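In our numbering, the protein residues as written are 268 to 573.
In this text, a Cβ means the ideal position worked out from N, Cα and C, and glycines have one as well.
This structure is a prediction, so every number in the text was calculated from the model and none was measured.
In what follows, a structure is listed as structure tokens, so that the remarks can point back to it.
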């Protein structure tokens, strides 16, 4: 008797990874989280356990960690490991779920997609996003068009980039901020000053930095230590700093106030083009076809609202 056809979509929280593939997931999460500390929190395992299991994997597969790696797999990869990761991808997609990567700016677009597995949010260079999709760590990634414009010599092999529209941007700040960023029309900012905007490292988000400089906003680098939403929010609490966020409702930024960027009679409202990077064979997988369709619809609606 033939086995039943896998559903085209499933609830991510119902997805069960075979035990055989658990160590591959651990390695993937090390790449996505960036540290053993964050990975241990994500998997609810101790940090020594994460380190020990990674050490065994690195010995078995000849993985070499490069702490200076700015793109690709900083915890190492190999031809055999890539095949194993692609096997994990095949299992996810056949089960009707997918792992789509995004940074904090674009993550609100993924809300309302219950077939997507929870994935750590992190700012990355455009080349890094593409390589993680190509290696099978991710099944897709939302990438800023601002960063694609700044990047040179990107490797698009085995991938396809789909335009999703443009995302209006806003500045977010804590309600108790001593100095607010911008002001509603006709009202000057308190103290007549513009607070600094906390931004990712220049090697990660040069396009965003260029846009904000063109708007005349002072910038302060968050370095590489700020990764999670709580990290970024904690950094601006009780200060005059602001963050750039998507100008749409999002639980992540519910505790912050938002003002649209580019307010004023002579300022055009800036938008961030958004692209979805997918494996070249994405149309063969119902869950990826549906994801592309849904995110395209959300992106188009967001652009109209903006």
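The secondary-structure analysis by DSSP pairs residue 512 across a beta bridge with 437.
Under the three-state reduction of DSSP, residue 538 is assigned to strand.
Distance from the CA atom of residue 282 to the CA atom of residue 291, rounded to whole angstroms, is 16 Å. About 16 Å separates the Cβ atoms of residue 340 and residue 424, ruling out a contact at the 8 Å cut-off. Residue 388 counts as buried, since no fewer than 16 other beta carbons sit within 10 angstroms of its beta carbon.
Contact check for residue 429 and residue 559: beta-carbon distance about 6 Å, within the 8 Å limit, so the pair qualifies. Scanning the segment 392-420 from its first residue to its last, the whole alpha helix (DSSP H) runs of 4-plus residues come out as 393-402, 412-417.
Per DSSP, residue 292 lies in no beta strand (DSSP E); the unbroken alpha helix (DSSP H) holding it starts and ends at 289-300. As a beta-bridge residue in DSSP terms, residue 526 pairs with 438. Taking residue 400 as the centre and dropping the five residues before and after it, the same chain places the C-beta of 368, 406, 407, 408, 426, 544, 545, 546 closer than 8 Å to its C-beta, in chain order. Rounded to whole angstroms, residue 527 and residue 347 show a C-alpha spacing of 47 Å. When the beta-carbon positions are compared, residue 286 and residue 342 stay at least 7 Å from each other. Judged by DSSP secondary structure, residue 488 falls outside any alpha helix (DSSP H) and instead within the beta strand (DSSP E) spanning 486-488. One thing to note: residue 433 has its Cβ within 7 Å of the Cβ of residue 540.
Pairing residue 468 with residue 488 gives a Cβ-Cβ distance under 7 Å. Under DSSP, residue 544 forms a beta bridge with 408, 428.
Sorting 496, 471, 466 by C-alpha distance to the C-alpha of residue 484 places 466 at the top.
If you draw a straight line from the Cα of residue 311 to the Cα of residue 304, it is about 10 Å long. If you draw a 10 Å sphere on the C-beta of residue 331, you find fewer than 16 other C-beta atoms in it, and that means exposed.
Taken atom to atom, the span from the alpha-carbon of residue 490 to that of residue 441 is near 20 Å. Annotation for residue 464: the continuous beta strand (DSSP E) segment containing it runs 464-466. Boundaries of the alpha helix (DSSP H) around residue 481: 473-481. Closest by C-alpha distance to residue 511, out of 505, 550, 518, 463, is 463.
C-alpha of residue 325 to C-alpha of residue 443: approximately 47 Å in a straight line. Exposed is the label assigned to residue 416, since fewer than 16 other Cβ atoms lie within 10 Å of its Cβ. Residue 395 holds the alpha-carbon nearest to the alpha-carbon of residue 420 among 395, 439, 435, 431.
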